[in-house]
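A.B. asks: Using my numbering, the first residue of the sequence shown is number 34, and each one after it goes up by one. Even glycine gets a Cβ: it sits at the ideal position worked out from N, Cα and C. Sending over a structure as structure tokens; questions will come in a sec.
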Amino acid sequence: MNIQKAKYEEEFEKYASRYDSSNPNIALKIKHMYEVEKIAYEIALRLNLGKEDREKAKFLGLYHDIGRFEQLSRFNTYDDSISIDHGDFGAEILLEGEYIKEVMPGLTDEEYDILIMAVKYHNKLKLPDALPNGNHYLCRIIRDADKIDIYRSMSEESVSDIFFDLTEEDCIISDEVEKAFYECQPISRKIVKTKADELVLTIAFSFDFNYHVSNDILLRKGYLKQFVSAFLNCKMVKKSNISSKILTLYDYLNEHLRNN
Ligand SMILES: [Fe+2]
34 MNIQKAKYEE EFEKYASRYD SSNPNIALKI KHMYEVEKIA YEIALRLNLG
84 KEDREKAKFL GLYHDIGRFE QLSRFNTYDD SISIDHGDFG AEILLEGEYI
134 KEVMPGLTDE EYDILIMAVK YHNKLKLPDA LPNGNHYLCR IIRDADKIDI
184 YRSMSEESVS DIFFDLTEED CIISDEVEKA FYECQPISRK IVKTKADELV
234 LTIAFSFDFN YHVSNDILLR KGYLKQFVSA FLNCKMVKKS NISSKILTLY
284 DYLNEHLRNN
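See below:
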């Protein structure tokens, strides 16, 4: 069966084709964007949103990381702290020459504003509640969908080689990070000191899900388990004594996801 693609899907293909998909770093982001498109759609569907909102959720899934292509090509890194904020940059790309109107025609100014907000703030610690549209449900859906797939993408081989290539010092969880975790809040990157802290920060993303269905989707897909297992299977982690600490954190989080 030939399923007709939406204009924004065709335009995304065109945009992505300007970059070298044989580069594993590009390929993994393209896969991430398509996966987030599916997850955002599933969340929207399970929230009983109408067709137009479901399409916008899919659009956001595909375009939320649009800034990643140019980020990698200009700075050769996905690390925002040493390059650019990829959420801000993605919003700029969509606004430049009104590109967003070309790929997603026919919306009102307010609808475009919501989509731009959602891209700009998808990667921030918190949504800007004080801004009009800053806490719109589409902004919340894309944050949830992105987080769910981050666990899958980070446990895939090409990334896990980088993330899980650890030294002895990497296998220490800082007290401040552990304390922040048990407050059931997203953890600020500013207090992260080691790779183990980075892992704890990443699993703590799950405290910030906006919707019960997102907890449910993550548990059903098993990505969190996959991600934590990949970490626990690292040679250096096996030699260290943090495995039981990580498992305790993981159980605590699972309990939280089941109950919220
Ligand atoms: Fe992102």
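#1: Would you list the residues whose beta-carbon is nearer than 7 Å to any heavy atom of ligand 1, in the order they occur in the chain?
#2: Can you tell me where the alpha helix (DSSP H) holding serine 186 begins and where it ends?
#3: Serine 55: buried (16+ other C-beta within 10 angstroms of its C-beta) or exposed?
#4: Can you give the Cα-Cα distance for leucine 290 and glycine 94, rounded to whole angstroms?
#5: Between the alpha carbons of lysine 84 and alanine 77, how many angstroms are there, rounded?
#6: Let me know the secondary structure DSSP gives tyrosine 132 once reduced to three states.
#7: With DSSP as the reference, label alanine 96 as helix, strand or coil.
#8: Enumerate, from N- to C-terminal direction, the unbroken alpha helix (DSSP H) stretches of 4 or more residues contained entirely within the region 206-271.
#9: Does the beta-carbon of glutamine 37 have 16 or more other beta-carbons within 10 angstroms, so that it is buried, or is it exposed?
#10: Taking C-beta to C-beta, are asparagine 81 and arginine 173 nearer than 8 Å?
#11: Along the chain, where does the alpha helix (DSSP H) that runs through tyrosine 67 open and close?
#12: If you run the structure through DSSP and keep just helix, strand and coil, what is asparagine 166?
#13: When you compare only the Cα positions, how much space is there between isoleucine 206 and asparagine 266?
C.D. replies: If we stick to the structure as given:
#1: His97, Asp98, Arg101, His119, Gly120, His155, Asn156, Asp179
#2: Within the sequence shown, numbered from 1, the residue matching residue 186 stands at position 153. Unbroken alpha helix (DSSP H) run through serine 186: 170-188.
#3: Sequence index remark: in the sequence shown, residue 55 carries index 22 (1-based). Looking at its Cβ environment, which holds fewer than 16 other Cβ atoms inside 10 Å, serine 55 is exposed.
#4: Translated into positions along the sequence shown, residue 290 becomes position 257. Translated into positions along the sequence shown, residue 94 becomes position 61. Distance between the alpha carbons of leucine 290 and glycine 94: 23 Å.
#5: Taking the first residue of the sequence shown as 1, we reach residue 84 at position 51. Taking the first residue of the sequence shown as 1, we reach residue 77 at position 44. Looking at the two C-alpha atoms, the distance is approximately 9 Å.
#6: Translated into positions along the sequence shown, residue 132 becomes position 99. The answer is helix: DSSP assigns tyrosine 132 an H, G or I state.
#7: Residue mapping note: residue 96 aligns to position 63 of the sequence shown, counting from 1. Checking the displayed sequence, the identity of residue 96 turns out to be tyrosine instead of alanine. In the structure shown, tyrosine 96 sits in a helix (DSSP, three-state: H, G or I).
#8: 208-214, 228-237, 245-254, 256-265
#9: Within the sequence shown, numbered from 1, the residue matching residue 37 stands at position 4. Exposed, since its Cβ has fewer than 16 Cβ neighbours within 10 Å.
#10: Position 48 of the sequence shown holds residue 81. Position 140 of the sequence shown holds residue 173. Cβ distance not < 8 Å, so asparagine 81 and arginine 173 don't count as in contact.
#11: Here residue 67 refers to the residue found at position 34 when the sequence shown is read from its first residue. Here the alpha helix (DSSP H) through tyrosine 67 covers 57-79.
#12: As a working mapping, residue 166 is identified with position 133 in the sequence shown. Note: asparagine 166 maps to coil in three-state DSSP.
#13: Your numbering for residue 206 matches position 173 in the sequence shown. Your numbering for residue 266 matches position 233 in the sequence shown. Their Cα atoms are separated by approximately 17 Å.
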